[in-house]
Structures are given as structure tokens and as C-alpha cells.
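In our numbering, the protein residues as written are 1 to 253.
Note that the Cβ used here is the ideal one computed from N, Cα and C, for glycine as well.
Accompanying notes for the structure given below.
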Amino acid sequence: MKNASQTKVRAEGGFSLIELMIATLLFTTIAGITFALLGVSLQRYKGEKDYLNSFQQANVAMDEITRDVHTAGYPPSNSFLAATAALNPTKVATPFAWMPAYPAVPCTLGATCTSPTGFDLITEADLGTGNGVQWVRYSLVGTTLMRGVANKAGVDPVGATTGTLVPYLENVMNNASAAQMATLKASNPQLFPGNAAVPIFTYLPDNGTAFQPPNIREVNITLIVQSQRPDPNTNRYRVVVLTGQAMRINPNQ
Numbered sequence: 001m002k003n004a005s006q007t008k009v010r011a012e013g014g015f016s017l018i019e020l021m022i023a024t025l026l027f028t029t030i031a032g033i034t035f036a037l038l039g040v041s042l043q044r045y046k047g048e049k050d051y052l053n054s055f056q057q058a059n060v061a062m063d064e065i066t067r068d069v070h071t072a073g074y075p076p077s078n079s080f081l082a083a084t085a086a087l088n089p090t091k092v093a094t095p096f097a098w099m100p101a102y103p104a105v106p107c108t109l110g111a112t113c114t115s116p117t118g119f120d121l122i123t124e125a126d127l128g129t130g131n132g133v134q135w136v137r138y139s140l141v142g143t144t145l146m147r148g149v150a151n152k153a154g155v156d157p158v159g160a161t162t163g164t165l166v167p168y169l170e171n172v173m174n175n176a177s178a179a180q181m182a183t184l185k186a187s188n189p190q191l192f193p194g195n196a197a198v199p200i201f202t203y204l205p206d207n208g209t210a211f212q213p214p215n216i217r218e219v220n221i222t223l224i225v226q227s228q229r230p231d232p233n234t235n236r237y238r239v240v241v242l243t244g245q246a247m248r249i250n251p252n253q
């Protein structure tokens, strides 16, 4: 018969050193994979956020330009007696202002016009602000689309609006340099056909009328907007391309 002192009941608790090492290794591996996936997700989020911001800003600009074209030419001269319109030219809106020789001699679009061009547009309308008829100008300066508003006064819409221009939409690449075009075409081969600038504004006049600013009926708009930062995954800039058509709804003068 065994002595009670020789019988031991062993109660084991805790882990051995090898078990602790294995658990630590597994935890470290899983944590590393988790943080790596989190880092990738964060980079993707930043890239998508930049792209979405570019899209939203371009979309807001497209809507604003479209509204200005819709209202261009209000109120037309036929809203007044001829004598009244003649005595109050700043109360009457022609649809689009131009240079040179505004308003006496309309220039030819794409030839003699300083404005409107593919990168410079001036609409003319009463915006309902209580300031009467105003000029609204969009002008691309480098890669920034500028916007300015000035009260209709005198016969120099370009001069009157120049001092009012402020940055409206940045990273507009329609008139990018040759080096910028090459960089963008590397990831977007369909951009810049023929390696030529893409006009923001192209115009369609009323049927059977001269290709001159007073006859513009429709403005086609193309905005090529680059994201602010390169995509973290590809290290390339992403591009938003928005197109739209804006129809002037007010009658010819």
C-alpha cells in the first residue's frame, strides 16, 4: 500500500514557453496581415475620395455653366418698346457678349472673336439680383477655370469682367501642355485626340444664321478635370471627363 505522501495530485496551470512563443507568433502574423490590409484600404479610400471630390466639383461647375447659358439673353429686346430698348441698352440682354467691337460688329466664332472662344465665354442676362443685366464670364487660365460677374456697362465686356475673375474650378486639363497631355494619355489613351487641346465650349448657332455670338443657340461643354493627388495605388493622376449640352431658351434679339 502506497504512502499518502508518495501520492501526488498534480494540478497543472498556464502555458509552457513553447506554447507562448507559438501564440505570440500567430498573433503577430495575424496583426501584421490585418494592418497591411487596413493600409491598402486606407490608400484606396484616399484615392476614391480624391476622385469623387474631382467629380463633384466638376459636376457643380457643369450645372452652373448650364444655368448661365439657359438664362442668357433675358430680357430680350422684344420685351421692350423699340425706343425704350434703344435708350436703355444696359437693361436689355443679348445672349452672349463678345470682343472685339461689341456690340456693333459681331465677330465670327473661331476666327475673329476674342470671346467667346473654346476657353472663354461671356453670357449676358438679368440674374435676378437687382443689379440689372450682368455679364458672366468663364475663362480658362492655365489649369484653373475662372468665373466673374460684372454689371453690364459700356461696350467692353472683357475689360469689365477681367477684374472680377476668381478661381472657380481647379485642375482643368482641357488646354494642358504637351508634357501634361503625355502624362495623362499614358493612363487615359482616349484623351486629347490628335494630341490637341479640347475646347471647353463649342457652339451651334440657329439654323441658317451666321456663325456669330448673337446667333448661338447651344453650347456644348466638356470638362477634363484631374484629381488633386496621384492615386496611391498606381501613382498616376485620375481624370474626370464630363460632357453636357446647354440650350439657350430666350429668343433672338
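Looking at the structure shown, is residue i part of a helix, part of a strand, or coil, going by DSSP?
i      : result
Phe96  : strand
Phe80  : coil
Val9   : Any reading at Val9 must be qualified, since the residue scores a pLDDT of 46, below 50, and its modelled position is unreliable; no value is offered.
Ile200 : coil
Ile122 : strand
Leu20  : helix
Tyr168 : strand
Val69  : helix
Leu87  : helix
Leu140 : strand
Val155 : coil
Thr117 : strand
Pro269 : Outside the displayed span of the chain (1 to 253) sits residue 269, for which this structure offers no information.
Gln56  : helix
Pro232 : coil
Pro213 : helix
Can you give me the Cβ contacts of residue i inside the same chain, cut-off strictly under 7 Å, excluding the 5 residues immediately before and after it?
i      : result
Val198 : Asn174, Phe192, Thr222, Ile224
Ala85  : Ser77, Val92
Gly118 : Pro199, Ile200, Phe201, Thr202
Val69  : Thr123, Val219, Ala246, Arg248
Ile216 : Pro95, Phe96, Tyr203, Pro205, Arg248
Ile65  : Tyr138, Ile221, Ala246
To the nearest whole angstrom, what separates the beta carbons of residue i and residue j, a pair I think is in contact under 8 Å?
i      : j      : result
Val239 : Gln226 : 5 Å
Thr90  : Val133 : 6 Å
Asn220 : Gln245 : 5 Å
Thr137 : Leu127 : Residue 137 is actually Arg in this sequence, not Thr. The Cβ separation is near 13 Å, so there is no contact.
Trp98  : Pro251 : That pair is no contact at about 19 Å.
Pro103 : Leu109 : Not a contact, Cβ separation roughly 16 Å.
Leu254 : Ala196 : With the chain covering 1 to 253 only, the question about residue 254 has no answer from this structure.
For the beta strand (DSSP E) containing residue i, list its first residue and its last residue.
i      : result
Gln226 : 216-226
Gly244 : 239-247
Ala150 : 144-151
Val105 : Premise fails: Val105 is in no beta strand (DSSP E) and is neither H nor E.
In the DSSP assignment, the alpha helix (DSSP H) including residue i goes from what residue to what residue?
i      : result
Thr183 : 178-187
Output needed for residue i: all residues of its chain with C-beta closer than 8 Å, excluding positions within five of it in sequence on either side, in chain order.
i     : result
Ala23 : Phe15
Asn59 : Leu242
Within 8 Å: the Cβ of residue i and any heavy atom of the ligand SAM?
i     : result
Ile22 : This structure does not include the ligand SAM; it has no bound ligands of any sort.
Within its chain, find whatever has a CB closer than 6 Å to the CB of residue i; leave out the 5 residues flanking it on each side and keep chain order.
i      : result
Tyr237 : Gln226, Ser227, Pro230
Report task. Count the C-beta pairs between the stretch 180-191 and the stretch 163-170 that are closer than 8 Å, then say yes if the count reaches three, no if not. Result -> no
Requested in this report: Indicate whether the contact test is met: 3 or more Cβ pairs, each with one atom in the stretch 149-159 and one in the stretch 69-80, closer than 8 Å.
Outcome: Judged by Cβ distances under 8 Å, the stretch 149-159 makes no contact with the stretch 69-80, as fewer than three pairs qualify.
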